[in-house]
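Taking it in order: structure first as structure tokens, then the write-up.
Residue numbers (the UniProt record's numbering): 1 to 482.
The structure is reproduced here in structure tokens:
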């Protein structure tokens, strides 16, 4: 009996071990065989297996793409913008806006096609990336209608084969915000055109495009000058910089440090503040108010309608769009306690792949601002009077910081808004149309000589091209032609 029990527990184990060993041996033989004679076939087989193996999720229906849903085999829709790039010149209070004009082209591919309606809309789409309530479409998306066009009358029309143009135009007001894409909020101008066929079951013909709206602020004529004193030291910084900068290109800043030396009469030494390190940084601050929709807006009976519209969650974010640290590059002069200074000229710009947003201030509370920050590390050194080369470190250091308001804006191109454009000027144009004799206009031909000179006539007996003609008939025929 004990022998049977031992055999019962031993046989399955030995059988399982034998199966594992046999499987390993067969695998090794197959690999050796494939490696010696059919390596290329094995790789080709693996590539085919990888190519044909796909993840399948039968329970998930992703649907068709947005473009395939609106494809109509009988007609297509395209557009062409004829106006220059959309740029608001000036700030929100003084800008006169921008003109946008273009044409929509409805291409009918059949002999004739019935269109019930054809219209287009331009909306400002504001998307809150950190909304008041997550997973609420009304809290995330806000739409404002700017313009609507109706190209065909209500009963519809039958359009024949060919391309049919439909012009459109709109004046965008200067107070409207520019296009924005930031971590907190995005602003887009969505242009949507839709032609609905009369035939039942036919898909609509749609066109969806975006307007790229920019704002350009004029730069000042002179650089901005700023003076800063850093107590308890006597260090004074005088900075000249451009207050308006552009995303592309470099900008120059000049700085002079004075008061960096102090004479100690008691110890007959001179204390110097020496610049060791300088860091400049461009910071962008975004502020917005994520409004609450009517469903999630808190009810308050004691507030007015205007206050209820402004209810929302304030969002703020700051990011660095340009930064660099310098350890040299400035000119230092430590001649004496009164004529010691540091002169510096540096170039600053946005980082190569930085994501930025230009300055913006809209009526819904969205605001984008920029500032240039300078951070200087200075250390105190001591030297005997008249011997600036014998320097001794005191171990005292300070960090000096300065902030300058900067405006980041797009370049304005020619810099002329649509209302300041001058009409074309032509040369050799008189101030007024030619004057006609009143008697000639009324039909009286008295006082007109009965001779005319033909430009292509042969010379007459007198050697000139003057011929005798009936001027009444000529002028009558001339007036008749006109």
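Built from N, CA and C at the ideal position, the CB exists for glycine as well.
The structure presented is a predicted model; accordingly, all values stated were derived computationally and were not measured.
For the candidate residues 254, 248, 370, 259, whose alpha-carbon lies nearest to that of residue 231? Taking the chain shown and counting its residues from 1, one reaches residue 231 at position 231. The residue with the shortest Cα to Cα distance from residue 231 is 259.
Nearest residue (CA-CA) to residue 227, options 411, 404, 418: For the purposes of this step, residue 227 is taken as residue 227 along the chain shown, with counting starting at 1. The shortest C-alpha separation from residue 227 is found at 404.
On the three-pair Cβ rule with 8 Å, is the stretch 313-326 touching the stretch 274-287? yes
Just verifying my parser: in three-state terms, what is the DSSP assignment at residue 139? Here residue 139 refers to the residue found at position 139 when the chain shown is read from its first residue. Looking at residue 139 - three-state DSSP - the assignment turns out to be helix.
Determine the extent of the beta strand (DSSP E) in which residue 84 is found, giving its start and end residues. Here residue 84 refers to the residue found at position 84 when the chain shown is read from its first residue. Unbroken run through residue 84: none, as it is neither H nor E.
Round the Cβ separation of residue 169 and residue 99 to the nearest angstrom and send it over; I've been treating them as touching at under 8 Å. Taking the chain shown and counting its residues from 1, one reaches residue 169 at position 169. Taking the chain shown and counting its residues from 1, one reaches residue 99 at position 99. Going by Cβ atoms, the distance from residue 169 to residue 99 rounds to 7 Å, so yes, they are a contact pair.
Consult DSSP for residue 418 and reduce its assignment to one of helix, strand or coil. Taking the chain shown and counting its residues from 1, one reaches residue 418 at position 418. Residue 418: helix per DSSP, three-state reduction.
Closest to residue 277 by CA distance: which of 210, 339, 379, 77 is it? Your numbering for residue 277 matches position 277 in the chain shown. Considering only alpha carbons, the answer is 379.
By DSSP, does residue 22 sit in helix, in strand, or in coil? Taking the chain shown and counting its residues from 1, one reaches residue 22 at position 22. Helix at residue 22.
Use the C-beta contact count for residue 327: other C-beta atoms within 10 angstroms, 16 or more gives buried, fewer gives exposed. On the chain shown, position 327 is the one that residue 327 refers to. Under this definition residue 327 is an exposed residue.
Roughly how many angstroms lie between the CA atoms of residue 395 and residue 374, to the nearest whole one? Within the chain shown, the letter at position 395 stands for residue 395. Within the chain shown, the letter at position 374 stands for residue 374. Cα to Cα, residue 395 sits roughly 23 Å from residue 374.
State the DSSP-derived secondary structure class of residue 117, mapped to helix, strand or coil. Here residue 117 refers to the residue found at position 117 of the chain shown. If DSSP states are grouped into helix, strand and coil, residue 117 belongs with the strands.
Residue 335: which of 224, 272, 80 sits nearest, CA to CA? As a first step, residue 335 is located in the chain shown; it is residue number 335 there, counting from the start. For residue 335, the nearest C-alpha among the options comes from 272.
With a floor of 4 residues, list each alpha helix (DSSP H) that falls wholly inside the stretch 118-188, ordered by position along the chain. 137-140
Distance between beta carbons of residue 113 and residue 89, contact taken as under 8 Å: Taking the chain shown and counting its residues from 1, the one referred to as residue 89 is at position 89. Taking the chain shown and counting its residues from 1, the one referred to as residue 113 is at position 113. Residue 89 to residue 113, Cβ: 43 Å. No contact.
As an exercise, report each continuous beta strand (DSSP E) stretch of at least 3 residues that is fully enclosed by the stretch 305-336, in chain order. 312-326, 331-333
DSSP three-state assignment for residue 205, whether helix, strand or coil: The residue given as residue 205 occupies position 205 in the chain shown. Three-state DSSP puts residue 205 in a strand.
Ordered along the chain, which non-local residues of its own chain (more than five positions away) have a Cβ less than 7 Å from that of residue 361? Residue 361 sits at position 361 when you count from the first residue of the chain shown. Contacts found: 92, 367.
How should residue 254 be labelled, buried or exposed, when 16 other C-beta atoms within 10 angstroms of its C-beta is the threshold for buried? For the purposes of this step, residue 254 is taken as residue 254 along the chain shown, with counting starting at 1. Exposed, by the Cβ-count rule.
If you run the structure through DSSP and keep just helix, strand and coil, what is residue 195? Within the chain shown, numbered from 1, the residue matching residue 195 stands at position 195. DSSP places residue 195 in strand when its eight states are reduced to three.
Those residues which DSSP pairs with residue 384 across a bridge: On the chain shown, position 384 is the one that residue 384 refers to. According to DSSP, residue 384 bridges with 269.
Who are the near neighbours of residue 381 in its chain, counting only those whose CB is closer than 7 Å to its CB and skipping five residues on each side? Taking the chain shown and counting its residues from 1, the one referred to as residue 381 is at position 381. For residue 381, where only same-chain residues beyond five positions count, the Cβ hits under 7 Å are 272, 274, 391, 392, 393, 394.
For residue 345, which residues from the same chain have a beta carbon less than 6 Å from its beta carbon, with the 5 sequence-adjacent residues on both sides left out? Taking the first residue of the chain shown as position 1, residue 345 is located at position 345. These residues qualify, in order along the chain: 254.
On the DSSP bridge list, what partners appear for residue 400? Residue 400 sits at position 400 when you count from the first residue of the chain shown. Per DSSP, 376.
I believe residue 223 touches residue 244 by the beta-carbon criterion, under 8 Å. Please report the beta-carbon distance rounded to the nearest angstrom. On the chain shown, residue 223 is found 223 positions in, with the first residue counted as 1. On the chain shown, residue 244 is found 244 positions in, with the first residue counted as 1. Rounded, the Cβ-Cβ distance is 10 Å, inconsistent with contact.
Contact between the stretch 187-194 and the stretch 117-124 (3+ Cβ pairs under 8 Å): yes
In whole angstroms, what separates the C-alpha of residue 145 from that of residue 314? Here residue 145 is taken as the residue at index 145 of the chain shown, counted from 1. Here residue 314 is taken as the residue at index 314 of the chain shown, counted from 1. Each residue's Cα considered, the two are about 25 Å apart.
Simplified DSSP assignment, three categories, for residue 245: To locate residue 245, count along the chain shown from 1; it is residue 245. Three-state DSSP puts residue 245 in a strand.
Is the separation between the beta-carbon of residue 247 and that of residue 356 shorter than 9 Å? Residue 247 sits at position 247 when you count from the first residue of the chain shown. Residue 356 sits at position 356 when you count from the first residue of the chain shown. Yes, these two residues count as a Cβ contact at 9 Å.
Check whether the stretch 124-132 and the stretch 198-208 touch, using three or more Cβ-Cβ pairs below 8 Å as the test. no
If I'm right that residue 77 touches residue 206 with Cβ under 8 Å, what's the distance once you round it to whole angstroms? Along the chain shown, read from residue 1 onward, the residue named residue 77 stands at position 77. Along the chain shown, read from residue 1 onward, the residue named residue 206 stands at position 206. Indeed they touch by this definition, with Cβ atoms about 7 Å apart.
Assuming residue 86 and residue 214 are in contact, meaning their beta carbons sit under 8 Å apart, how far apart are those beta carbons, in whole angstroms? Start at 1 with the first residue of the chain shown, and residue 86 comes out as number 86. Start at 1 with the first residue of the chain shown, and residue 214 comes out as number 214. That pair is a contact at about 7 Å.
Selection from 316, 331, 342 that minimises the alpha carbon distance to residue 183: As a first step, residue 183 must be located in the chain shown, where it is residue number 183. For residue 183, the nearest C-alpha among the options comes from 316.
For residue 83, count neighbouring C-beta atoms within 10 Å of its own C-beta (all shown protein chains included) and say buried if the count is 16 or more, exposed if not. Position 83 of the chain shown, counting from 1, holds the residue named residue 83. Burial call: exposed.
In the DSSP output, which residue or residues are listed as bridge partners for residue 392? Along the chain shown, one-based indexing puts residue 392 at 392. DSSP lists 382 as partners of residue 392.
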